[in-house]
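Plus 227 on top of the position in the sequence shown (first one is 1) and you've got my numbering. Ideal placement from N, C-alpha and C gives every residue a C-beta, glycine not left out. Treat the numbers as computed from the prediction; the structure is a model and nothing was measured. Data first, discussion second: the structure below is written as structure tokens.
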Amino acid sequence: MKKKLSLLLIILSFGFSFGQNQEPEALVLQTIKNIPSKPKEALQNLFKSNPTSYTNNKENLDKFSDNLVKAIEVSGEYGSYEKLEEKAHSKKMVQYKYLMYYKQRPILLDITMYNFAGKWMFYNLSFYADFGLPKDDRPINDKPKDDKPKE
């Protein structure tokens, strides 16, 4: 009976510690999977993995969330996602690039995670909704206007 109780306590202890310190890709995937249905909540959960940064930059992070939500809204119906790249800059910093496919256009998410004192947390996030097109292939209204007439 004592062995069973000890084993149960060990399992519970490790179970809770795993939940508190997820691997970086698990945090990123959780965010990616939740963005289509609850984008603001998904981003806030990612941002909160770095409590100091979240508290000190809440206003900027909220603006970023609003911009991504707007990009998602004009991108149409969600289809799927694909992991494009995982790059370990060091043992404590990993960058992930995911392409999220929407009906009108894809959105590229570039997420960097950082490990400090054994805890993985959010470090940086960028998104691109108009990436990959050379300047000459962009829609006409995205091209800079040339004030000089051509001869």
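Item, Value
"Nearest candidate by alpha-carbon position, reference E312, set K275, K319, A253, I338", "I338"
"Spatial distance of I299 from D357 (CA atoms)", "12 angstroms"
"Own chain partners of L270 with C-beta closer than 8 angstroms, once the 5 adjacent residues on each side are dropped", "T258, I262, L288, F291, S292, L295, L352"
"Nearest neighbour of Y325, chosen from T282, Y355, N342, Q249 [CA to CA]", "Y355"
"Whole-angstrom distance between Q249 and G306, CA atom to CA atom", "27 angstroms"
"Uninterrupted alpha helix (DSSP H) stretches inside the stretch 268-305 (no shorter than 4 residues)", "278-283, 285-302"
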